[in-house]
C-alpha cells in the first residue's frame, strides 16, 4: 500500500542530477519562511520528494540549521534536507526567481490574483517550461506568511479546505502543492491497465457465451421457449457489463465445462 | 497561513447533520483496514474533516478502539473519531456500500480498473449523486491492503508518486483522496477575487494615463517629439499589463500630483 517506504538507493543521485540525464526536470523551489519545528521541515522534504521536487530553501528557521529533527523526519528524503539553502530574508531567498506564488489562508488580504492549487501548478509549469525560475512560499507554523512576505509573490495559492475546519499543517500544504505540481508536470499516473486487463475480443466473448447457451439448452434452462430471447439478452448483458478479459472468458469456459462434467458424473 | 487551526464550535454539529440542513452533503466513507497507530487514524480523521468528510470506519484496529492517541492527534476532528464505526472484517465494513475503491501502491496485482485520484473522485461523485453509498479502502501501515481486501473493490486508486521515493503515510494518502473528493464535489475554492481587486474601468484608466502624459508633457519628458507616440505606447502597455484596480489608479493619480507638487515646491 501507499504506506510502505520504498527506498531506492539510486534516488538521491537521480534527484540531484540537473544535467538533463536525471529523471527530474526543472521544478519550483519550496521556500519555508520562518519555519519552527524541524519535524515539519522534514515532512515538507518528504512530501516534496514524493512528488519529484527537491529544491528547498529556508528563511530564518527558528531552531537554526542543520536541524537533527528535520533530518530524522525526512527519512529517505535527506537529499532534500542536505541540499537545503538558508537565507536571512524572504527577498534574498527568491532573489533569483522570476515567478513566485504564496500559500496563505487569508487570500483576501492581499491585492494579488488568488489561484487554486491546480491553477497555481499550471501557472508554475508554464513559467518553468518558459525557462523561468519559480518558487512557492510557505509560512511558519504559528502565523503563516506575513504581508511583508506575501507582497513578494505574483499570486496567492489558496487550498479549498472545509471552512469549518481549515487546519492544514506545513507538511500537508506542501504535499498538496507538490501533488498538483506533479500532475501539472505530466507525471504519469501508475494508472495504466495491467496487461491481464486486456478485454476479450468480441469473438472470444461470443464463443464463450455460445458455449454457455448451448449447455443451458441441454439442461432445459430455456423452457418455456417463448421467453428464451429475453432471458438470453439479460444474461448476455450481465456478462458483457463485466468487461471480461481474455483470461476470464477462458476461465469461465472451464467453469461451464466443470459444472457440466460434475453434473454428468453424479 | 494554512497552519493555523481554525476551530469552529459549530462545526461538529454541522458535520454530523444528515438532515439536509447541514453544510456537508453525502460523501464517501473512508475505511481503514487494520490500521496500526492511533496517531495515523487521528491524522486521517483530520485530513477527512479538512475536506468535509466525516464517515470513518475501522476494520480491526491493532490497538483496539477507542484509542486515546487517535483522539489526541485528531484534535478538532474528534467528531470524526467519535462517530467512527468498528468492524471485524472488510466485507462487513462495506456491506452497505454500492461502490468501493481501494488505494494501493501495487495496482498491477489486481484485475481491476486503475484510476488516478482525480478519476476516482469523479467516479465517487457520480455514484454518490446517483444515491449510491460509496467507500474508499486504505490499508494498514505495514503492508497495505491485502489482495483479499482489494477484491472487494470495484476499482483501484493509484496516487502518482515519484517511483524513486513512493512512501506516503496513511494520513497523507487520506489527505490527497479527501482533497480530490472536495474538488470533485464542487467545493468552492476560496479563489475568488477580493472586492479590492476589481479592475479599473477603461475610462478611469484613460483618465489616469492622460493625467500622467499631461504632467510628463509639462516636464518636457517627450522631447524630441518624433518618438513621443512610441514612448507613450510603451509606457501605456506597462501600466496596462499591471491590471490596475480602481483604487490603484486613484492612488497613482495621487502619486503623480505629489511628485509634481514636490517638484514645484523645491
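Protein chains in written order, with this note's numbering: chain A, 270 to 535; chain B, 270 to 535. No residue lacks a Cβ here, since even glycine has one placed at the ideal position from N, Cα and C.
Query                                                                                                                      : Result
Alpha helix (DSSP H) segments (min. 4 residues) lying fully within the region 319–388 of chain A                           : 337–343, 347–351, 359–362
Alpha helix (DSSP H) segment containing residue 419/B, residue limits                                                      : 416–419
According to DSSP, residues forming a beta bridge with residue 301/B                                                       : 327/B, 407/B
DSSP three-state assignment for residue 425/A, whether helix, strand or coil                                               : strand
Minimum Cβ-Cβ distance from residue 320/A to chain B less than 8 angstroms                                                 : yes
CB contact flag (residue 317/B, residue 327/B, <8 angstroms)                                                               : no
Members of the region 343–365 of chain A that neighbour chain B once the beta carbon cut-off is set at 8 angstroms         : 344, 345, 346
Cβ-based neighbour list, residue 435/A, same chain, cut-off 8 angstroms, excluding 5 preceding and 5 following             : 374
Close Cβ partners of residue 330/A (< 6 angstroms) along its chain, the five nearest in sequence each way excluded         : 304
Alpha carbon of residue 425/B to alpha carbon of residue 450/A, nearest angstrom                                           : 22 angstroms
is_contact[residue 431/A, chain B] using C-beta, thresh 8 angstroms                                                        : yes
Alpha-carbon spacing of residue 417/B relative to residue 359/B, whole angstroms                                           : 9 angstroms
Whole-Å CB distance - residue 391/B paired with residue 488/B, under 8 angstroms assumed                                   : About 60 angstroms separates the two Cβ atoms, so there is no contact after all.
Supposed contact pair residue 518/B and residue 473/B - C-beta distance, whole angstroms, cut 8 angstroms                  : 5 angstroms
Within-8 angstroms CB hit, residue 295/A to chain B                                                                        : no
Residue 453/A: contacting residues in chain B (beta-carbon distance under 7 angstroms)                                     : Correct list: empty, because the minimum Cβ distance to chain B is about 11 angstroms.
DSSP-derived helix/strand/coil call for residue 434/B                                                                      : strand
Residues in the region 477–490 of chain A having any Cβ partner in chain B nearer than 8 angstroms                         : none
Between the CA atoms of residue 456/A and residue 306/A - distance to the nearest angstrom                                 : 30 angstroms
Residue 455/A in three-state terms, based on DSSP                                                                          : coil
Distance between residue 420/B and residue 471/A (C-alpha atoms, nearest Å)                                                : 25 angstroms
First and last residue of the uninterrupted alpha helix (DSSP H) at residue 479/A                                          : 471–487
Under 7 angstroms by beta carbon: chain A residues contacting residue 448/B                                                : 445
Rounded distance between the beta-carbons of residue 438/B and residue 309/B, thought under 8 angstroms                    : 6 angstroms
Beta-bridge partners of residue 493/A, as assigned by DSSP                                                                 : None, per the DSSP bridge assignment.
Backbone secondary structure at residue 294/B - three-state DSSP                                                           : coil
Euclidean distance between Cα positions of residue 524/A and residue 361/B                                                 : 28 angstroms
Chain B within 8 angstroms of residue 441/A, Cβ atoms only                                                                 : yes
DSSP state of residue 400/B mapped onto helix, strand, coil                                                                : coil
Proximal chain A residues relative to residue 456/B, where beta-carbon distance stays under 7 angstroms                    : 429
In DSSP terms, what residue 523/B is bridged to                                                                            : Looking at the DSSP assignment, residue 523/B forms no beta bridge with any residue, so it has no partner.
Three-state secondary structure assigned by DSSP to residue 413/B                                                          : strand
Given 8 angstroms, three or more beta-carbon pairs between the region 294–303 of chain B and the region 407–414 of chain B : yes
Nearest-angstrom beta carbon gap, residue 396/A and residue 367/A [assumed within contact, 8 angstroms]                    : 7 angstroms
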